[in-house]
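Numbering (full-length UniProt numbering), first residue to last: 1 to 259. Let me begin by presenting the structure, written as structure tokens, before commenting on it.
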Amino acid sequence: MTESDILEAQTNAQRARTAPRHVALIMDGNGRWAAKRGLPRFEGHRRGVEALRRTVRAAIKLNIGYLTVYSFSAENWSRPREEVESLLTLLHRFIRNDLAELHASNVRVRVIGARADLAPDISDLLREAEQMTQANSGLTLVVAFNYGARQEIAAAARALAEMVAQGRLRPEEIDADAIARRLDTADIPDPDLIIRTSGEQRLSNFLLWQAAYAEFVFLPILWPDFDEAALSAAIAEYAHRDRRFGGLEAAARSAKTAS
Ligand code: IPE
Ligand code: IPE
Ligand code: MG
């Protein structure tokens with residue numbers, strides 16, 4: 001092995017250690033992107049879907065295990081009816097047009113969010129996307145649709161309360177794991193990196209429980225302008241973070257191992 005081989009092996013090992021396994025995206029700023037150009041909000045959302053398509057391809061290329069995208073929040077129903085309808089139309093179109101390519105790219109689609117009150121055409125489509133791709137082993141694309149983290153946690157609490165009421169669970173058995181297992185994300189690792197575009201610095205009811213130790217990157221760019229370079233830049237910033245999980249910083253950790 002030459003010195004440069006060793007260096008390259010070290011860099012690869014470092015990359016493997018620092019690459020996020022799960023990236024979650026708050027795709028925000030479609031309306032402002034359109035307003036800046038004097039276009040209707042719908043056009044911003046349409047270009048937002050193109051950015052999503054690019055981002056999924058980039059995530060596959062960058063070997064990301066899980067990509068969660070916030071596509072429609074439980075609170076987004078409060079927008080004007082025409083805007084809600086156009087967002088639903090775009091979701092329809094995205095799944096109809098892109099499902100075959102996603103499947104061919106070995107992407108596994110998962111959907112989180114409340115399903116019960118959705119119109120049958122939407123819930124059938126979401127189920128179809130999940131069923132068709134369930135055996136795929138590449139990128140897991142988690143689509144958060146009609147998603148609200150507080151509602152998700154409340155549903156988990158309700159499920160546990162029902163088990164207690166039926167005598168199938170003792171209250172003292174309820175711990176963080178018991179709750180996590182009843183969230184929509186039960187079998188999905190917590191996000192390592194959460195990116196929000198548009199300059200807003202808030203979670204807007206996204207993955208509140210799962211974000212406990214996530215790293216945050218807030219980007220000033222508007223979602224329709226997001227691309228592979230922006231994703232790579234966010235990941236590069238993530239790689240410089242020292243994740244402590246309540247323990248010691250990296251320098252102190254290695255000093256401790258050395259002593
Ligand atoms: C994100 O863009 C898309 C959804 C929330 C569905 P917005 O529509 O929130 O765009 P801004 O924040 O108004 O610019
Ligand atoms: C969050 O964006 C939801 C999605 C990106 C789908 P919003 O635009 O709805 O969030 P607020 O209202 O600015 O907090
Ligand atoms: Mg917004």
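Every residue, glycine too, gets a C-beta built ideally from N, C-alpha and C.
Euclidean distance between Cα positions of residue i and residue j
| i | j | result |
| --- | --- | --- |
| Glu-142 | Ala-250 | The question names Glu, yet the displayed sequence has Val at residue 142. Looking at the two C-alpha atoms, the distance is approximately 31 Å. |
| Ser-78 | Leu-88 | 14 Å |
| Gln-134 | Leu-193 | 24 Å |
| Ile-60 | Leu-231 | 12 Å |
| Phe-226 | Asn-205 | 22 Å |
| Gln-210 | Asp-124 | 27 Å |
| Gln-166 | Asn-106 | 42 Å |
| Ala-212 | Arg-243 | 12 Å |
| Arg-54 | Arg-21 | 19 Å |
| residue 285 | Ile-174 | The first residue shown for the chain is 1 and the last is 259, placing residue 285 beyond what the model contains. |
Other residues of its chain near residue i: CB distance less than 6 Å, five sequence neighbours each side excluded
| i | result |
| --- | --- |
| residue 273 | This structure gives no information on residue 273, because the portion of the chain shown stretches from 1 to 259. |
| Glu-215 | Leu-193, Tyr-238 and Arg-241 |
| Ile-122 | none |
Contacting residues, own chain, Cβ-Cβ under 8 Å from residue i (five flanking each side not counted)
| i | result |
| --- | --- |
| Phe-42 | Ala-34, Glu-83 and Ser-86 |
| Ala-157 | Ile-179 |
| residue 276 | With the chain covering 1 to 259 only, the question about residue 276 has no answer from this structure. |
| Leu-139 | Val-56, Ala-59, Ile-60, Ile-64, Gly-65, Tyr-66, Leu-67, Ser-105, Asn-106, Val-107 and Arg-108 |
Beta-carbon contacts of residue i that lie in its chain and below 7 Å, excluding the five residues immediately before and after
| i | result |
| --- | --- |
| Leu-90 | His-45, Arg-46 and Val-49 |
| Leu-169 | Leu-160 and Met-163 |
| Val-109 | Leu-102, Ala-129, Glu-130, Thr-133, Leu-141 and Val-143 |
| Thr-185 | Ile-112 and Gln-210 |
| Gln-201 | Phe-218 |
Closest residue to residue i among the options (Cα-Cα distance)
| i | options | result |
| --- | --- | --- |
| Asn-63 | Phe-245, Ala-51, Glu-228 and Asp-98 | Glu-228 |
| Pro-189 | Asp-177, Leu-203 and Arg-32 | Asp-177 |
The region 70 to 79 / the region 142 to 153 touching (three or more Cβ pairs under 8 Å): Touching, yes, given that three or more Cβ pairs across the two stretches are closer than 8 Å.
Just the residues with CB closer than 6 Å to a heavy atom of ligand 2, in chain order, which are they? Answer in sequence order: Ile-26, Met-27, Asp-28, Tyr-70, Ser-71, Phe-72, Ser-73, Asn-76, Glu-200, Arg-202 and Ser-204.
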